[in-house]
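In the working numbering, the protein residues as written are 813 to 1420.
Cβ coordinates follow ideal geometry from the N, Cα and C atoms, glycine included.
The structure under discussion appears below in the form of structure tokens.
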RNA sequence: GCCGGUGUAGCUCAGUUGGCAGAGCAACUGAUUCGUAAUCAGUAGGUCGGUGGUUCGAGUCCACUCACCGGCACCA
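This is how it looks when you write it as structure tokens:
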């Protein structure tokens, strides 16, 4: 049995779990008549869910923490009690714990338990499987801290009541707590929303609408650079670029199945009414596209296709619109206008694995260039048990099994470690998602590769096979850079706003020591701009110190300081962001190294 | 969508028990031309998120609403 701190047998797990009970005890003291949900240990601490008799806010935290410490000081013991099921039920009813009572019944039903386990500590009694510490003396009084209060549905189901969840940090000692809190605070400084404002990358405006980002010039540079990279990777892999409208008739989405399975995520239809010269009224409804695939499918369908054309790779730098739930919208991570470097690859069933392999290796290449490694692979499958099955997925069990087999075999063959995720499939097929964590610890899907068996037949897509007969193609959907919104958010947090030179909105800033060197400096700027380098001259009415400070705050990767020495010798003094050492070199030498680092998209600019 | 919190100048934030809306930074103007993280002086900047209400009087109290933040649900 493992004794890792976060495994159930480990001491930290017991401390966190027991602290959850102590917190619940304190909450029940403060809010008599409240009832309990679940209160498990989690990474960094624990939480407990309550139905509160009176609301609790973060303003109550000092009081709540004080009560918890008082309880800990008493050093009460934790007693395990096993009681027969019927007595357990009676207890829970007497305790006035309807949710625990409901759960107990489910446990008994599913696991065939003959007894229920309770833990008693002081006046607090809770149905709980443990394990716990033996006595509260084992719990350090200075290594926990209440963190936030949040809402959470009972059993994680939106149809159930909303409980109040109190989150807390908890560790084995004060130092570990302080470190975690400090790390959290540092992470806040890397939050993409904050950096986006500080670096002038994007903004939102109430009068434009929620979740609709406005990209500023600086942010647009980053989008454009990512797109350039995508265009290159795709060109080499034989993709062909297409462009399609942002809207389509709603009848298209009826055919594809979007209206059946995806309607909630779509903006409502717009109705256009036209009068014909004959006085007839013609009504048509259009919808904003939530995905590019239907349009691409129509390009595929525009003429007869031969197996010789497959795999046919259609790529589009397109914007799609999704009606995200209001509470889900968040910065650039969840938006209602999504920019995607999207592509659809039409292929035969036999080609599918190769197509997936090709796409995955392209992802590896893109992540390598950007130095991204903090992600994991998720195999998102159909869940036949999903109660919302009809609503969520196309109903074709055999196709699901077949398509999932193709992906599972491939993952197996490639030796990829992945998390199995039933219930996370797209409505039209299984997919491989790349998951990453934001600096604030939220898990988000990034890139995705999806196998679509459902929509091509619905739209009657076909190609003529070697046998001269018509066949329905598979379609592989892929978006290596997620949405540009989410991807820029990830990059911002990943680089802490200090982008490598090739991505930086301003790549070089020239700083004059005094305005006597204006001419030399503007010469450098225009020479670099001639080579498409994003170079700028710093304001000349400030002191050198001020200009350095401003450029540093803006995290500009390369500063060139020029004064008497440089202008006389035709050199520049290079100051790199975050690097103390400076070097003076001929302008041509700097320029060559700069153009090289940009062309190769290196993460580090190695000085000549 | 749900639970809770928060909205004061471009940004960060003050604003007593209801009584004339403030600071720093940024911006703008002028002076300064300076060798590595903030030169000096001045000017301008606001329907206190919005609407309605209570009041002699509302940034402050009440109702509704919008947006944002922390979560849950949903998802790229």
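- Rounded to whole angstroms, residue 1400 and residue 1383 show a C-alpha spacing of 8 Å.
- Here residue 896 carries a strand assignment [DSSP, helix/strand/coil].
- Under the three-state reduction of DSSP, residue 1279 is assigned to coil, being neither helix nor strand.
- Annotation: residue 1177 is outside any beta strand (DSSP E); the continuous alpha helix (DSSP H) that includes it extends over 1164-1182.
- For the beta strand (DSSP E) assignment, the uninterrupted runs of no fewer than 3 residues enclosed by the segment 1244-1293 are, from N- to C-terminal side, 1255-1264, 1286-1291.
- Counting only the Cα atoms, residue 1047 lies some 32 Å from residue 1015.
- Scanning its chain for C-beta atoms nearer than 6 Å, with the 5 sequence neighbours on each side dropped, one finds around residue 1124 the residues 1158, in chain order.
- Ranked by Cα distance from residue 938, the options 1289, 911, 833 are led by 833.
- The continuous stretches of alpha helix (DSSP H) do not include residue 976, which lies in the beta strand (DSSP E) extending over residues 974-982.
- When DSSP states are grouped into helix, strand and coil, residue 1061 belongs to the strand group.
- Sixteen is the threshold: when 16 or more other Cβ atoms of the shown chains lie within 10 Å of the Cβ of residue 1299, as they do, the residue is buried.
- Relative to the Cα of residue 972, the nearest Cα in the group 877, 926, 964 belongs to 964.
- The C-alpha of residue 1184 lies about 18 Å from the C-alpha of residue 1261.
- Judged by DSSP secondary structure, residue 1105 falls within the alpha helix (DSSP H) whose first and last residues are 1105-1112.
- By the Cβ criterion, the segment 876-889 is in contact with the segment 941-958, since at least three pairs of Cβ atoms, one from each stretch, lie closer than 8 Å.
- Rounded to the nearest angstrom, the gap between the Cα atoms of residue 1316 and residue 1012 is 12 Å.
- Assignment of residue 1073 by DSSP, reduced to helix, strand and coil, places it in the helix class.
- Per the DSSP secondary-structure output, residue 1027 pairs in a beta bridge with 1014.
- For residue 921, the enclosing alpha helix (DSSP H) stretches over residues 910-923.
- Residue 1299 carries a helical assignment under DSSP once its states are collapsed to helix, strand and coil.
- The distance from the Cβ of residue 883 to that of residue 845 is about 19 Å, inconsistent with a contact at the 8 Å cut-off.
- In this structure, residue 863 sits away from residue 851, with a CB-CB distance that is not shorter than 9 Å.
- Shown here, residue 1344 sits in coil according to DSSP, grouped into three states, outside any helix or strand.
- Shown here for residue 1241: same chain residues with a beta carbon closer than 7 Å to its own, the five before and five after excluded, namely 1215, 1262, 1263, 1264, 1265, 1266 in chain order.
- Spanning the alpha carbons of residue 836 and residue 829 requires a straight line of approximately 11 Å.
- With fewer than 16 other CB atoms across the displayed protein chains lying within 10 angstroms of its CB, residue 1186 is exposed.
- Rounded to the nearest whole angstrom, the C-alpha separation of residue 1087 and residue 1093 is 5 Å.
- The DSSP assignment places 1201-1204 as complete runs of the alpha helix (DSSP H) inside the segment 1191-1215, in order along the chain (cut-off: 4 residues).
- Taken through DSSP and simplified to helix, strand or coil, residue 1226 comes out as helix.
- Contact check between the segment 1119-1136 and the segment 1154-1172: three or more CB pairs, one atom from each, fall below 8 Å, which counts as touching.
- In the three-state reduction of the DSSP assignment, residue 883 falls in the helix class.
- In the DSSP assignment, residue 1234 forms a beta bridge with 1193.
- By the Cβ test, the segment 869-878 is in contact with the segment 953-961, since at least three Cβ pairs between them sit closer than 8 Å.
- Assigned with DSSP and collapsed to three states, residue 837 falls in helix.
- Going by DSSP, residue 1154 is part of the beta strand (DSSP E) stretching over 1149-1159.
- If you draw a straight line from the Cα of residue 1107 to the Cα of residue 1122, it comes to about 18 Å.
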